[in-house]
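In our numbering, the protein residues as written are -15 to 76.
Where a beta carbon is used, it is the ideal one built from N, C-alpha and C, also for glycine.
Since we're looking at a predicted model, the values are computed, not measured.
In structure tokens:
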């Protein structure tokens, strides 16, 4: 990969900028080594993908589930019974 870069900086900072630019190859090598080490020590990078059942179990652990005492029919009747709407006349 080749990257072209144009920099503009004040003359009094030229020496400092040149020193920084000269250290770029060393910094790049350090960065790449650190990245490779991070991938080697990352516990998730070496694991196999989770099965669908394992994913659902993990979601249950993280988010939990809604526990209810009423049955579905009771809950639906409560929801519909709590509605307070009335038909309205719309003029177009």
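- It is roughly 18 Å from the alpha-carbon of residue 65 to the alpha-carbon of residue 52.
- Of the residues 37, 59, 32, 5, the one whose Cα lies closest to the Cα of residue -10 is 5.
- For residue 0, the enclosing alpha helix (DSSP H) has its first and last residue at -2 to 6.
- Taking a C-beta distance under 8 Å as the contact criterion, residue 34 and residue 43 do not qualify as a contact pair.
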